[in-house]
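Student: Once you've had a glance at the structure underneath, I'll fire off some questions.
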Amino acid sequence: MATDTLKSTSSADSATGGLRRLLLDNGALTALIVLVVAMSALSGDFLTTDNLLNVGVQAAVTAVLAFGVTFVIVSAGIDLSVGSVAALSATVLAWSATSHGVPVLIAVLLAVVTGIAAGLVNGFLIAYGKLPPFIATLAMLSVARGLSLVISEGSPIAFPDSVSHLGDTLGGWLPVPVLVMVVMGLLAAFVLARTYIGRSMYAIGGNEEAARLSGLRVKKQKLAIYALSGVFAAVAGVVLAARLSSAQPQAADGYELDAIAAVVIGGASLAGGTGKASGTLIGALILAVLRNGLNLLNVSAFWQQVVIGVVIALAVLLDTLRRKAGATPVAGASQGGKGRQAATYGLAAVVTVAIVGATSFLHNGSSSTANPKVGLSLSTLNNPFFVQIRSGAQAEAKKLGLDLTVTDAQNDASQQANQLQNFTSSSLGAIIVNPVDSDAASNSVKAADKAKIPVIAVDRGVNKASVDALVASDNVAGGELAAKTIGEKLGGKGRIVILQGQAGTSAARERAQGFAQGLKAYPGIQVVAQQPADFDRTKGLDVMSNLLQAHPDVQGVIAANDEMALGAIKALGSKAGTSVSVVGFDGTPDGLNAVKDGTLYASVAQQPSQLGKIAVDNALKALEGKKVEETIKVPVKVVTKSNVAGFTG
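Residue numbering for the sequence shown follows our numbering, starting at 2 and increasing by one per position.
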């Protein structure tokens, strides 16, 4: 009896240990299964064919970037430049093919060569220049982004139609970006498992000195590794630009962090020596599922960043636990190990399908709600103007009994495309979009139109796509008013500087156009400097401080929004409102308070709360099938100290 009990206990311990080892060996896969099951249970819109394809599309660019980063991390390096290299490669393609008539095939090759060149520079600085990978690739991050802005002159460049098909679907349902992701993933897996350079990556990452002593040409291998990372970055940039129908100079900003996170979540160690393509793919899918699901659940974009940060931290902790427990390393395995791994993936797929199928019954017949659903995608919530649009929209939605979902694109056209895709695949009755860029939003709006979902544009229009209504102030007219205000204040003569908005955005271009047109009426006004400060108060302070060193006698400032104007006022100190007149744009609460104080001479107010309110009103009309006007103009108004008390915003 005692022997039987001992055997039973040993078997139970063995089973428990085996399960624990299985979970540790496949932590990322376990996390993905848990996420899919949880999102399926929490949202009836998650488990649909369209939405699952959306997840694949949204993971594609990050995954392709991450495959390239996997090579670097396996070899104990880091590459912070992949996002900027992606943007530069896409810009080179669009610039050469569209602006200079280069054949598309050659333009594509130029884009790939650009990625290779950037990677070779990184590799040379690291291998031969002895720079730490962090410093070398950080420098390339800045250089590549700057070159992208220089080549494009800060404006998006239309993508060739033949290449834009990379953002389309095959057979009307299978997204091409997903196919590209799969192909590049298979290529990455082949390089890591079946090639000399792949084995070199593991050797260098495991022990670089031992690899060198064993006869491996470490420096040349590092050149090749970073060049491969550049190739994958170039492909990711082309796919991203194809989705947006334009090469955006600010595209893929911050994507290097997502790529590194995907690799780490997938089981690779930043210490080097371990990592595999399948784990990286799972890491990219985890990030995409998280963002997609949290969008569907109407979780604040700010909290989404918190959740993703927690997931990354947990992934690193899991890697630590796996190593302490002596789990199987992910740097390659025997044929038997690969067979067990394939069996594990197959079993995981079966379990996931079974559980998800069961949870889907929870949502049968419960997809309809009492209140109509409307989605609002804002270009950013890191700006008081757009916060006021949200406030006006939320107040009106509550009044009308609408269920309003608000997302923050964080000035990332690609992220906004993902959010609009999520809106389209879920059970929303109407969509309100404030585009990051008017061209980049076109494909997403076309998809919503195809799904017969009414779309209302607010503040900025959408090019090459049909919207039911545009609710906006006229940025060009507002720019002209700002120029007229500063011209009249200075009596038609004086030296001024212009603080421009974020390069590549519609608002920055249109307001700059208005400034230029308005100043034509005042030939005595000399613009001594124009610099971008990215709609940011801190950057406005820094840029204005720098400009004052070269132009201490400046008499006026025009800023493309109130935030930059307030930064300029801080830099001007006692000069603001006395010897230097500052004109802002937007009419934000802080801007209006500065007008009251006399430090800000005027603000061209757009009444953002009214924009949000009117957009929601028209979304409901369109949802109910009522006729809406194609263009609803909310008048801009110059607010000065004389009329600020009566301005309601």
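From the three backbone atoms N, C-alpha and C, an ideal C-beta is built for every residue, glycine too.
Would you mind reading off the limits of the alpha helix (DSSP H) that contains Arg538?
Tutor: Arg538 to Ala551
Student: Should Ala623 be labelled buried (16 or more other beta-carbon atoms within 10 Å of its own) or exposed?
Tutor: Of the other Cβ atoms in all chains shown, 16 or more fall within 10 Å of the Cβ of Ala623; this residue is therefore buried.
Student: By Cβ distance below 8 Å, which residues in the same chain neighbour Arg213 in space, the five residues on each side in sequence not counted?
Tutor: Val219
Student: Once you ignore the five residues that flank Ala410 on each side, which residues in its own chain have a CB closer than 7 Å to its CB?
Tutor: Ser378, Leu379, Ser380, Thr381, Gln416, Gln417, Gln420 and Val437
Student: Give the range of the beta strand (DSSP E) segment to which Gly495 is assigned.
Tutor: Gly495 to Gln501
Student: Identify the residues that DSSP records as bridge partners of Lys634: which are they?
Tutor: Ala473
Student: Which one or two residues does DSSP pair with Gln527 in a beta bridge?
Tutor: Arg496
Student: If you compare alpha carbons, which of His552, Ala603, Val300 and Pro553 is closest to Leu567?
Tutor: Ala603
Student: Determine the direct distance from the alpha carbon of Tyr227 to that of Ala269, and round the result to whole angstroms.
Tutor: 17 Å
Student: Name the two residues that bound the continuous alpha helix (DSSP H) containing Leu382.
Tutor: That residue, Leu382, is in no alpha helix (DSSP H); it is neither H nor E in DSSP.
Student: Measure the alpha-carbon distance for Ile390 versus Ser610 and round it to whole angstroms.
Tutor: 5 Å
Student: Could you say if the segment 438-446 and the segment 567-583 meet the contact criterion of at least three C-beta pairs nearer than 8 Å?
Tutor: no
Student: In chain order, what residues of the same chain lie with their CB nearer than 6 Å to the CB of Pro134, ignoring the 5 residues before and after it?
Tutor: Gly78, Ile79 and Ile127
Student: Please classify Thr370: does DSSP put it in a helix, a strand, or coil?
Tutor: Caution is warranted here: a pLDDT of 48 is assigned to Thr370, below 50, making its placement in the model unreliable, and the coordinate value is therefore given only provisionally. It is coil, neither helix nor strand.
Student: Helix, strand or coil for Val639, going by three-state DSSP, please let me know.
Tutor: Strand, per DSSP.
Student: Under the rule that 16 or more other beta-carbon atoms within 10 Å means buried, what is Val456, buried or exposed?
Tutor: buried
Student: Which residues in the same chain as Ala98 place their Cβ atom closer than 6 Å to its Cβ, once the five residues preceding and following it in sequence are excluded?
Tutor: Val105, Ala108 and Pro161
Student: Excluding five sequence neighbours on each side, which residues of the same chain lie with their C-beta closer than 8 Å to the C-beta of Val86?
Tutor: Taken in chain order, the residues that qualify are Thr115, Gly116, Ala119, Gly120, Met141, Ala145, Gly231, Ala234, Ala235 and Gly238.
Student: So, are the CB atoms of Leu33 and Val290 less than 8 Å apart?
Tutor: yes
Student: Could you check what DSSP says for Ala235 in three-state terms: helix, strand or coil?
Tutor: Helix.
Student: Since Ile283 sits in a beta bridge, which residues does DSSP pair it with?
Tutor: Answer is none; Ile283 lacks a bridge partner.
Student: Whose C-beta lies closer than 6 Å to the C-beta of Thr600 among residues of the same chain, with five residues either side of it excluded?
Tutor: Ile570, Ala577 and Gly578
Student: Across the segment 629-641 and the segment 466-484, are there enough close Cβ pairs to call them in contact, namely three or more that are closer than 8 Å?
Tutor: yes
Student: Counting C-beta neighbours from all protein chains within 10 Å, is the total for Ser426 16 or more, i.e. buried, or is it exposed?
Tutor: buried
Student: Can you give me the start and stop residues for the beta strand (DSSP E) that Gly206 sits inside?
Tutor: Run containing Gly206: none in the beta strand (DSSP E); it sits in the alpha helix (DSSP H), Tyr197 to Gly207.
Student: Tell me whether Phe648 sits in a helix, a strand or coil according to DSSP, three-state version.
Tutor: coil
Student: Please classify Thr50 as buried or exposed, where buried requires at least 16 other C-beta atoms within 10 Å of its C-beta.
Tutor: exposed
Student: Return the CA-CA distance between Val549 and Leu573, expressed in angstroms with no decimal places.
Tutor: Sequence inspection shows Leu at residue 549; the Val mentioned does not correspond to that position. For Leu549 and Leu573, the distance between alpha carbons rounds to 8 Å.
Student: Give me whichever residues DSSP pairs with Ala606 in a beta bridge.
Tutor: Answer by DSSP bridge pairing, in chain order: Asp587 and Lys638.
Student: Go to Ile454, then tell me how far its beta strand (DSSP E) extends in each direction, as first and last residue.
Tutor: No beta strand (DSSP E) contains Ile454, which DSSP labels as neither H nor E.
Student: Starting from Gly557, trace the beta strand (DSSP E) both ways and give me its first and last residue.
Tutor: Gly557 to Ala560
Student: Taking Gly495 as the reference, give the member of Val583, Ala449 and Gly294 with the closest Cα.
Tutor: Taking only the C-alpha atoms, the option nearest Gly495 is Val583.
Student: First and last residue of the beta strand (DSSP E) that includes Asp409?
Tutor: Asp404 to Asp409
Student: Assuming Ala95 contacts Ala248 under a Cβ cut-off of 8 Å, what Cβ separation, rounded to an integer in Å, is found between them?
Tutor: 4 Å
Student: Would you report the Cα separation of Gly216 and Glu257, rounded to the nearest angstrom?
Tutor: Going by C-alpha positions, Gly216 is about 32 Å away from Glu257.
Student: Within 10 angstroms of the Cβ of Tyr203, are there 16 or more other Cβ atoms? Answer buried if so, exposed if not.
Tutor: buried
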